[in-house]
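Here our numbering is used: the first residue of the sequence shown is 319, the next is one more, and so on.
Here the structure is laid out as structure tokens; the discussion comes afterwards.
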Amino acid sequence: MGHGTEGRSGAGARERLDAVGPADVASTLQALATPSRLYILARLQEGPCAVGELAEAVGMEQSACSHQLRLLRNLGLVTGERRGRSIIYALYDHHVAELLDQALFHVEHLRLGLRDVAVADGVPQPAEPTTAAAPARSATAARRS
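So this is what it looks like as structure tokens:
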């Protein structure tokens, strides 16, 4: 998920976090904290569209969808390009799609009790299965905000 730096020895996550600013990273992650924004990003992952089409696709009022899009645009997760009287929204770049995909993979793994294979001294080691149940979602958390 880097910028062509895979496999290179470089700064670790803590050093990179210090370099870019933890508040900016936290803001990006907070943008993924509401179901309505996740639905918007998931729909935009399918391709660009106007706010009316987007609102209908995610089951929101157009004004509420516009509000969420404004926040996502201010955080650099989506772009808006004017085409005539409409603004066509799209994901900012492939990193946004990868953030959403990784969050989905993580939750799927939690529900299935899976862990990634651990690597020790360059040799893959079997991961220990988890015995704890995945965290339960409340009815409120399950609804779109």
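For each residue, glycine too, the CB sits at the ideal point set by N, CA and C.
Only a predicted model underlies this, so the values are computations on that prediction, with no experimental measurement involved.
Cross-strand partners of residue i (DSSP beta bridge)
i	result
Leu409	Val396
Ser404	Arg401
Cys367	Tyr407
Beta-carbon separation (whole angstroms), residue i vs residue j, contact threshold 8 Å
i	j	result
Leu393	Gln363	Their Cβ separation, rounded to whole angstroms, is 16 Å, which puts Leu393 and Gln363 out of contact at 8 Å.
Gln386	Ile358	6 Å
Ala368	Ile406	6 Å
Arg361	Leu347	Wrong, their Cβ atoms sit about 20 Å apart, outside the cutoff.
Ser354	Val376	7 Å
Arg433	His427	7 Å
Nearest-angstrom Cα separation, counted from residue j out to residue i
i	j	result
Ala415	Gly370	21 Å
Ala351	Val396	16 Å
Arg401	Val435	47 Å
Leu335	Ala329	10 Å
Glu333	Met378	40 Å
Ala412	Leu356	As written in the sequence, residue 412 is His, which differs from the Ala given in the question. The alpha-carbon atoms of His412 and Leu356 are separated by roughly 15 Å.
Leu422	Ala344	18 Å
Asp342	Arg391	14 Å
Glu374	Leu389	19 Å
Leu417	Ser384	22 Å
Gln420	Glu399	27 Å
Ala337	Ala331	10 Å
Ala382	Gly431	36 Å
Gly365	Gly339	30 Å
| said: Quick check for students: name the residue ranges of the alpha helix (DSSP H) that lie wholly in the segment 324-364, counting only runs of 4 or more. | reply: 331-338, 340-349 and 353-364
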